[in-house]
Each structure stands twice: as C-alpha cells, then as structure tokens.
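With our numbering applied, the sequence shown corresponds to residues -7 to 764, in that order.
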Amino acid sequence: MVADLCEHGLMADRGGVTHSSHFGAFRATVESGRLRVIPHPGDPDPAPLLRNLAVLGSGKARVDQPHVRRGWLAGGPGPDTRRGHQEFVPVDWDTATELLAGELGRVYSEYGPGAVYGGSYGWGSAGRFHHAQSQVHRFLNCLGGYVPSLNSYSTGASPVLLSHVVGSDAPISRPTTWPVLAEHTELFVCFGGLPAKNTFVAPGGASRHQVGGYLRAAKERGARFVNISPLRDDLATELDARWLPVRPGTDVPVMLAIAHTLLTEGRHDKDFLDRYCVGFAEFARYLRGETDGTPKTPEWAAAITELPAATIRELARRMAGSRTLVSVSWSLQRARHGEQPVWLGVVLAAMLGQLGLPGGGFGHGYGSMAGTGSGRVPVSLPRLPQGADPAADLAIPVARIADMLLHAGELYDYNGERRVYPDIRLVYWSGGNPFHHHQDLGRLRRAFARPDTVVVHEPFWTATARHADIVLPATITLERNDIGAAREDDLLVAMRQVRPPHGEARDDYRIFTDLAEALGVVKEFTEGRTELGWLRHMYTAWQQENPRLSTPDFEEFWRTGEVELRAEPERHVLFSEFRADPDRHRLATPSGRIEISSARIAGFGYPDCPGHPAWLPPEEWLGSPAAQRFPLQLIANNPATRLHSQLDHGPLSAASKVAGREPIRMHPADAEARGLAAGAVVRVFNDRGACLAGLVVTEDVRPGVVQLSTGAWFDPDETGMCRHGNPNVLTLDVGTSALAQGCSGQLTLVQVAGYAQRPPEMRAFESPRTTT
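Shown next as structure tokens:
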C-alpha cells in the first residue's frame, strides 16, 4: 500500500499534520502546492481511497466565491424550471450574506419552520465540529426549526422493519463483532456478498482497517464462505467462496426455499422457535403453501432465481449442520420490498436456533462499512449540540424528498401512520449531494424546480450546487481544524489544518455565524466561541463525560495528535443476553420475543408489506411488459474507487473510467449478442432516462445483468442524458414499501446499445457558465 501511495505522489516523510477522513487517519503536508499523505502507521490495511485526496491539493472543480443564479438574482425567489440550466453571477460575501439573510427572514416570517427543509444528508466531514449536518441543523434550530429527514439511503428499510421484528436496530448498530466471528463461525452465508470495497470507509474515519484480516483468519481456521450474489467479486477471491449467481432481486425466494427445506426435513430448532419467537406457525403455513396454494420448495425457487433446486437444498442442510452466520447486505434492502430479505434473514437464523450464539445467527451490514462489526468504543464522543427542533414531527423519510417537493400537502403512509408532506419553500443543503443518492434524476430536477429558494454550501461544483439559487463556497476538511472520531474506531484524532482555504471559501461555522449575526441570533449560535474555542470546549466536555479514560489536556492532545479510546477489540454477541434470559431481557416488540409474524405490521394493512415475510415480485419485473424492451437487470451498487460521489475527479476514481465514462460491466454473452466490444462507449437507457458509460466485459457478472456503480457526477446534456454514467437517471423513485418508504434504487431494468455517434464532451468537473 505504501508503495502504491508513493507511485501516486502521496507519500511523505513521517511527520506532517495529523488529520483524518472517512477513509482513515493520516498525516499530510503540502509541498509546492502538492498534497502528500501517509496513512496512520497503525493501520494494517490502509484504504486505497486515500489516493483520491491528491485532488484536494488543487483547485479543480472548486467553487471559488459566492454565486447566485441569474434568474433568482433578477427576479427574486420562486419556483423556476431554469434551475440547473442557467448561468450564475459571482458576488461578494457581503452581498451573498445580505441576500440569504433576507430570504431566510422572509420564509420564516411568512411560512414558519415547516417550510424549510434542512435535509443536508451526506458524508460531509469526518470532523465532529465541522460536521456539515450538525452545523446547518444547529443554525436552523436557532431560527425556529426545520423539516428534517428520517433514516438513510443506505438503510432506509431495515431499521423500521427491525424495530417491529426484534424491537431495535441492534443488528445494525450492535452486531456480533469480528473477533467472535473470526473465531467461531463455520459457515458464512452471504446474501448480497460481503464486498471488501465498502470496508475501507466509515463515517468519522477508521484508523485501523481490519475486516480483511479477520476474514482471512476465519478462512485459515477452516471457515467456509458462500456468496449469493449476481456479482462474483462481492466476496474476495482469496476467501475461495462458493459463488451462487442468483438473479438480482430474488434472494427472498432462495431464503424461503431454505426455510421450507429446514421445516419439511425437520432441521429447524423447534425449542428455540417456541421459547424465543412468536408467529412461526403462521409463517410455516405460508411456507407449505396452505395460505396461497404455492409451497415454497427449492423447485419453486429455482424457476425464479435460476439457482438449481439441489443447490438450494444442499445449502439448507449445510447451514443446519454448521455454526452459521446468515449475513444480509444492506444492498438487498435498497430495492422494492426491501424489508423482506432482512426479515427473512432473522427468520432463517431463528429457525437454525443460532441467534445469540458466538459466530452464529444473523448479521446485517457486514461489508457495508469499516466500522460494522468492530464494536462500539466504550466512551461517548465529542459533539456539537444541535438544539431542539420544534418542527421535528414533520420529518420525512430521507428518500422521499422528490415526493415532498412535488406533492406538498398530500397524504402518504409511513410505518403505520398517515402523514402529510409539508409545503417547502426553502431547501438548505450543506455537506451532501442528493443528485448522487436519489433516484430518477429527471424527476428530482423537476422537484428542485418547485421551492422558492435552494441554498447550497459546497466546495465543488457538484450537480446539487448547479441546481441551487445561492451557492456558498465551503472549505474542505484540510482547510480547517477539527476533531475526528467514530463510534467504532479506536482513536480520537486532532485534525489540524493542512492548507489555507481555496479562493474565498469559508467554513460552515463562519458562514452561519455571519448569517446568525444578520438575523439576530448570533449569541445563540456561537455561544461566544471561535472555532478553536469550540474544539477546546467540546474536548473538555468530552473529558468530563468520560472520567475513567486517561486523557491529556487539550493542548497536549492537539500537539500529539491522537488519543487512544480503547486498548482491546470488543467481543460482543448479538442477542446473547436475550438468549440467556428472554424474560429478563425482553425485546422491545409487543410480545417481547422475535416476531416471525407481526400482528402490528399486519394491522397496518399494507399490500406491499404483509404481516410475515413473503415473496412479492416488484412491479418492474422480468415478466412485465417493460422487460420486453429492457431485458437487462442493472445493479446500481456503491463504487470501489470513491466514497459515493466524493472526489470522483480524484486520481483513483479517474483511473477506473473507461473512455472517460463510468465503467459498466457486462457478461461476454450479453456483449456478443449486442455486438459490443470492451472499451466501447455504450448507451444505457429505459423509459426514465439514459446515460453513456464505458463497457467492461467480464464473467464476474452473471448473464442478463449489468453493473454500473453510483457516484459519477451527474452531467446531463440538453435532453437530460447523463454523459458521464450516473445510473440514477435510470432508477425508479418509489419507496421500498408503505412501511419504511426506503430507497429502492439498487435494481432497475435497462437496455444497452452501442453509441454510434461521436461521444460528447463531458463537463461534470467544469465550472458552470457565469455572467455579470
């Protein structure tokens, strides 16, 4: 890894400035304008994504001063379809502050906090103080509140579903830790794989990347791995996993067929089901086909999944005869009816009787982030208070932003409630990029035309900045001081400023301080503290909260650069206390037990989420009319060469492009049938939109499937076609179900064809047009 960094000009002598990122802790210097980075010396497997930091040493794609969209500046606030299409006017900071303060005052005075959406969803900073969401939420709360968002794009369905099935999100927030799995698990059954690419990132940073080491240790001990995924490389090659190339979106039939085999062959743990669970009898009737006339046999599943019935039956028997971890990736719940594979993962672990046993049971999100399975540090973390939000009850599920903007005042279902979409007049975004996370970007563009004003703090000219009315240039993490920490990481890191701000960029705190002063709430917002004053205050308050932890004073911490938060890795087993005494450690479900069938969910009456886990084919399915024209299933997964869309113009991400576009992977048989050659620019399309991509031909993708990662900066031409390869021009913007209303953008149907014309020039990383 160090040699790789040297080749990319990112190596420095030991020394420099301590800093951290979502990719890990490091030291940095700037020499002749060139950023040089060395990973933390204690990191056994540093993230390759650190290479992308090289672009932070340049001004490429940076917003260098405040800008206001010409139409908004000339005509004032109001809905405008020209957002994203019109040039900007550069202005000075005094003008920008005056304009924005006036607009905030108008909206709060005329409409109140229920008209301000402070979503700001995204991975803005690893720092605890300059965390963009915390800053914008604290500021908006000083003005009277804002409409927030619920859940995340990564796990929109899971926490809602799990609250009914096991009473909490413990499988996400407190899973069995890696030291236990590496020592005890005999069979890893990985629905959706366990991709190494995601384990190099974590919110707040990971100073020691250890997932790969634990997996290798498990394999060396004799553990076996099964990768149930359309993508061969969703499990590392070195693990010698058995690849079951399932049809995308059909994990539920596989799980039901496994459950049917366990039930009919008497391999299920009746005692565990009786003592720790409720609702199994109802679910068993569904498995046998007594409720719908269709037994969920391996033969039934084989017709849907294209996995042999004998393979499914054999896997069920191996699971029953081993200490088995049923692992369900986050990706599976990012699809229509995404609640179902998560629910079934819990059910399978319960039928095996292994929930609460070391190395067995259920796992959700292993391979999703570096911190998952690392265990929580036994101390709190420094934090910036955000204050109370009087408008919190207006919160929307995060993936429903376009619905909210397009359907103000309309009713929608969520988790047993009938809610009303608020009428948003002002959107305030800081530290995120909805034009990466959201689906059906053509629809999102129409939604962004609806508010009176869109405000964005951004270091770079992302698509979100280009669709704003007021764009304020924000500093990047290297241009400010902060404290880095993560709930699952071992270190508290002094993130010292590496370089001065680019152009006229300011940090969010200074921007909000000036706005707060103009609006008369500066005392409430700043409490009289500077940036360094807040860092000292947060550190001191953190020390007082954790008196048992031996820590230096702030000045010593700032000088040395880090504090160790724990000495030994945590050994934790999910549901071990519940298993030991289910009466004393009741789950927070109506029964206090695991709800294999849920009377509460059944009572909601949602056709797309019944009272027990079930196979519900999505509306856009292979037998639907759309499949005749769009026969390929597209997997829009997370990228390997960047964090979401962050630093897509960095060297590691840029090196992965094909013909300058995002790579799309296709099986050789599908490429041959279309007369396509590797390296060609292809058009990927359906009824929602189109994009260009660079073709990679590989047998690591099963036939009938193409894979195009998210995160390529959205670069639409005059027709809306993305020249760069953002798959979210193609994905369907609909909730997982009425229960969770989560993101369902993982899968969609498309066609791929050669692009006969000369590929257009890309403009994703260029500054937009400006005028005076």
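Cβ atoms here follow ideal geometry from the backbone N, Cα and C, with glycine treated the same way.
Nearest to residue 389 by C-alpha distance, out of 331, 141, 762 and 375, is 141. An exposed status is given to residue 101, since fewer than 16 other beta-carbon atoms sit within 10 Å of its beta-carbon. With at least 16 other beta carbons inside 10 angstroms of its own, residue 445 counts as buried.
Counted as a single uninterrupted DSSP element, the alpha helix (DSSP H) harbouring residue 620 occupies residues 617 to 621.
Cα atoms of residue 128 and residue 597: separation of roughly 38 Å, rounded to the nearest angstrom.
Distance from the Cα of residue 685 is smallest, within the candidate group 72, 691, 693 and 699, for 699.
Rounded to whole angstroms, residue 77 and residue 637 show a C-alpha spacing of 21 Å. The beta carbon of residue 115 is closer than 7 Å to those of 14, 195, 635, 636 and 638 in its chain, skipping five residues each way along the sequence. Counting along the chain, residue 59 sits inside the beta strand (DSSP E) bounded by residues 59 to 61. The three-state secondary structure of residue 219, taken from DSSP, is strand. Shown here, residue 445 sits in a strand according to DSSP, grouped into three states.
Per DSSP, reduced to three states, the secondary structure at residue 82 is strand.
With a contact defined as Cβ atoms closer than 8 Å, residue 476 and residue 119 qualify at about 6 Å. Taking C-beta atoms as the reference points, residue 524 and residue 473 count as a pair closer than 9 Å.
If the five residues before and after residue 440 are omitted, its C-beta is found closer than 8 Å to the C-beta atoms of 75, 76, 397, 419, 446 and 459, all from its own chain and listed in chain order. The alpha carbon of residue 381 has as its nearest neighbour, out of 106, 225 and 652, the alpha carbon of 106. Between the segment 61 to 69 and the segment 663 to 671 there are fewer than three inter-stretch CB-CB distances shorter than 8 Å, so the stretches are not counted as touching.
Residue 487 is bridged by DSSP to 474. Burial check for residue 437: the Cβ neighbour count within 10 Å reaches 16 or more, so the residue is buried. For residue 478, the closest alpha carbon among the candidates 295, 410 and 361 is that of 361.
Around the CB of residue 409, fewer than 16 other CB atoms lie within 10 Å, so the residue is classed as exposed.
In the DSSP assignment, residue 243 falls within the alpha helix (DSSP H) that extends over 243 to 256. Measuring C-alpha to C-alpha distances from residue 664 to each of 737, 745, 720 and 650 identifies 745 as the nearest. Around the Cβ of residue 469, a 10 Å sphere holds 16 or more other Cβ atoms; the residue is buried. Annotation: the continuous beta strand (DSSP E) that includes residue 673 extends over 673 to 677.
290 is the residue among 704, 530 and 290 whose C-alpha sits nearest the C-alpha of residue 254. Each residue's CA atom was taken as its position, placing residue 350 and residue 158 some 18 Å apart. In the three-state DSSP reduction, residue 284 falls in the coil class, being neither helix nor strand. Residue burial annotation: residue 288 is buried, with at least 16 other C-beta atoms found within 10 angstroms of its C-beta. Taking 9 Å as the cut-off, the Cβ atoms of residue 248 and residue 343 do not count as close. Counting along the chain, the unbroken beta strand (DSSP E) around residue 746 starts and ends at 739 to 746. DSSP, reduced to helix, strand and coil, places residue 152 within a helical segment of the structure shown. The C-beta distance from residue 761 to residue 707 rounds to 14 Å, too long to fall under 8 Å, and the pair is not in contact. Three or more beta-carbon pairs separated by less than 8 Å link the segment 639 to 652 to the segment 26 to 46, which places the two stretches in contact.
The beta carbon of residue 9 is closer than 8 Å to those of 19, 20, 21, 488, 489 and 490 in its chain, skipping five residues each way along the sequence. Listed as beta-bridge partners of residue 405 by DSSP are 410.
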